[in-house]
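Number of protein chains: 2
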Amino acid sequence: MSNTTPRRLDDQLCFAFYSASKKFNHFYQDALKPFHLTYPQYITLLALWETSPMTVRELGSHLNLDSGTLTPLLKRLEKQGWISRERSDQDERQVNVSVTEYAVEKRDEVYERVNDCINLMSFNGVDYHQLIDQIHQVMSELDDISDKDLIQEA
Amino acid sequence: MSNTTPRRLDDQLCFAFYSASKKFNHFYQDALKPFHLTYPQYITLLALWETSPMTVRELGSHLNLDSGTLTPLLKRLEKQGWISRERSDQDERQVNVSVTEYAVEKRDEVYERVNDCINLMSFNGVDYHQLIDQIHQVMSELDDISDKDLIQEA
DNA sequence: AACAATTTAGTTGCACACGATTTATCTAAT
DNA sequence: ATTAGATAAATCGTGTGCAACTAAATTGTT
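Residue numbers (my numbering), protein chains in the order written: chain A, 1 to 154; chain B, 1001 to 1154.
As structure tokens, this is what we get:
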């Protein structure tokens, strides 16, 4: 017997992630306004502040973004002076992305601003680590599903 | 003393929501492929299957989307035969959005497909209701923050 | 009645996000 | 050495998402 009742709860979970992601995005947009950075630009810089240089491919595997998204985003970051891009000498297919001196100098200022804003939250009644773990668990199950047959049939 | 260490965990929480939302989006994209529906189009139909007609404004307040996003989305749904749009007689500013006969007929089929795909997940070790509650709690705190001064200063 | 303020959709512009394709480069097998 | 296959980034097309603005209609106040 097939169940044609809408799985509200599951839809709610997806919708909760969808809504929370948008809210966080908006929150970071405000927090980062002094630096004219969007959230995707910010996490790109976060990754590069940890490891620089990285190829577009490496960056993309950290952030789960492909070159179709990253290339224009990186061009904007470059134009604003945060990063530089140059073809690798060893392998001319690759482009090495590095943080600039300017980005290195601004790093702590950006960190502080984000910290100040996030510290406005109390996470009342939220077990932070457990929440992250459960999100990771859900993501891991979503990854497993994408290999299955049902989801493959167009 | 200001803390200039990056709040990795906080970044991880936002990044977790960001990544999970994208993964769910991809999951629904696959599940809904037979109907040529995107996830935002799907939740729009979900809302309308519950209550139809609704004005663009009402729909937007349910989905947290403004007319800049909804108008083109609704035009696509209309072109594909899922919904119809017509100006209200009582108030010509408003546009009433309704599901079509086609959408009503297809509803159970869509529900079943989504259910079948979601049932592939086990939610192992995930306390579903607690997870939802905690996400709502985080969202509620984000809403509170947006009223505060710090976040306002451009 | 007249008109200022408000409300509703629509429009525009910009920035993702991603599938699909293209171009250039590199690698491997002969 | 040559060339088929693989790989990296860029490009293109479509669909959100949202801020800012516009146009039209309604409401409230006098």
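For glycine and all other residues, C-beta sits at the position ideal for the given N, C-alpha and C.
No experiment lies behind these values; they were computed from the predicted model shown.
Within the region 59-88 of chain A, the complete beta strand (DSSP E) runs of at least 3 residues fall at 83-87. With three or more CB-CB distances shorter than 8 Å, the region 1053-1060 of chain B counts as touching the region 1086-1094 of chain B. Lysine 1148 (chain B) is classed as exposed because its beta carbon has fewer than 16 other beta carbons within 10 Å across all chains shown. In the structure shown, valine 114 (chain A) adopts helical secondary structure according to DSSP, grouped into three states. For aspartate 1127 (chain B), there are no CB contacts under 6 Å within the same chain when 5 residues up- and downstream are skipped. Of all residues in the region 1025-1049 of chain B, only Asn1025, His1026, Phe1027, Tyr1028, Asp1030, Ala1031, Lys1033, Pro1034, Tyr1039, Pro1040, Tyr1042, Ile1043, Leu1046 and Trp1049 place a beta-carbon less than 9 Å from a beta-carbon of chain A.
Ranked by how close their Cα comes to the Cα of leucine 13 (chain A), the residues B:Lys1075, B:Lys1079 and B:Asp1133 have B:Asp1133 in first place. Under the Cβ distance rule, valine 56 (chain A) does not count among the residues neighbouring chain B, no pair being separated by less than 7 Å. Counting only runs of 3+ residues, the beta strand (DSSP E) found wholly inside the region 94-141 of chain A occupies 95-99, in chain order.
In the structure shown, the three-state DSSP call for threonine 44 (chain A) is helix. As far as DSSP is concerned, threonine 1038 (chain B) takes part in no beta bridge.
Within chain B, no C-beta atom comes nearer than 9 Å to that of glutamine 80 (chain A); the closest sits roughly 17 Å away. Tyrosine 102 (chain A) is classed as exposed because its beta carbon has fewer than 16 other beta carbons within 10 Å across all chains shown. In chain order, Arg113, Val114 and Cys117 place their CB closer than 7 Å to the CB of alanine 31 (chain A), counting only its own chain and leaving out the 5 sequence neighbours on each side.
It is roughly 13 Å from the alpha-carbon of isoleucine 145 (chain A) to the alpha-carbon of asparagine 1025 (chain B). For the region 91-108 of chain A, the set of residues with a beta-carbon nearer than 9 Å to any beta-carbon of chain B comprises Arg107 and Asp108, in chain order. The beta-carbon of lysine 75 (chain A) is placed no less than 7 Å from the nearest beta-carbon of chain B.
In this structure, the alpha-carbon of aspartate 108 (chain A) lies about 19 Å from that of serine 84 (chain A). Beyond the five residues adjoining it in sequence on each side, threonine 71 (chain A) comes within less than 8 Å, by CB distance, of Val56 in the same chain, given in chain order. Note on lysine 23 (chain A): 16 or more other CB atoms within 10 angstroms of its CB, so buried under the neighbour-count rule. Distance from the CA atom of serine 21 (chain A) to the CA atom of arginine 93 (chain A), rounded to whole angstroms, is 34 Å.
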